[in-house]
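S.K.:
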Amino acid sequence: MSVTVKTNITNGVSYGLRHVITAAEASDGTIIFDFQNSVDLVATIMVTTTAGVVLVIDGMVVTYPADGQVQISGSGNYTVTATDIIHLIANKMRDD
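If you count the sequence shown from 1, position 89 lands on 89 in full-length UniProt numbering, and the numbers rise without skipping.
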């Protein structure tokens, strides 16, 4: 089971958020960010501590379970930890 964070879109092409990880999300180990749209996304993610220290996210698993969604899970050397901050930017994939 994963925790879903629903958010609104920033504009029609790029979506961004800053999210403080809750204890429930850390306990679950998986978070889904639902941008509530029906487009394919590609995401860039950075995680920091509350002090602003950038964390190494080697082992974080990033997947796209449905259109408009980005899922992160702890794996390997990365653990989803309460109070850490996720900085996520997702862009709409181009239709070529």
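For glycine and all other residues, C-beta sits at the position ideal for the given N, C-alpha and C.
Inspect the beta-carbon positions of Leu88 and Ala24 and report whether they are closer than 7 Å.
M.R.: No; because the gap between Cβ atoms is not below 7 Å, this pair is not in contact.
S.K.: Using the Cα positions of Ala51 and Ile21, report the straight-line distance between them to the nearest angstrom.
M.R.: Computed Cα separation, rounded: 14 Å.
S.K.: As a quick exercise: from Asp95, Tyr78, Ile85, Asp67, pick the residue whose alpha carbon is nearest that of Gly29.
M.R.: Among Asp95, Tyr78, Ile85, Asp67, the Cα nearest to that of Gly29 is on Tyr78.
S.K.: Give the straight-line distance between the Cα atoms of Met46 and Phe35, rounded to the nearest whole angstrom.
M.R.: Whole-angstrom Cα-Cα distance: 18 Å.
S.K.: What do you get for Val80, buried or exposed, if any count of 16 or more other CB atoms within 10 angstroms of its CB means buried?
M.R.: Under this definition Val80 is a buried residue.
S.K.: Using the rule of at least 16 other Cβ atoms within 10 Å of the residue's Cβ for burial, across every protein chain shown, is Val70 buried or exposed?
M.R.: Val70 is buried by the Cβ-count criterion.
S.K.: Please look up how many angstroms separate the CB atoms of Ile85 and Thr48, rounded, as I've assumed it's under 8 Å.
M.R.: Ile85 to Thr48, Cβ: 5 Å. Contact.
S.K.: Can you tell me the Cα-Cα spacing of Thr83 and Met93, whole angstroms?
M.R.: One C-alpha to the other measures close to 30 Å.
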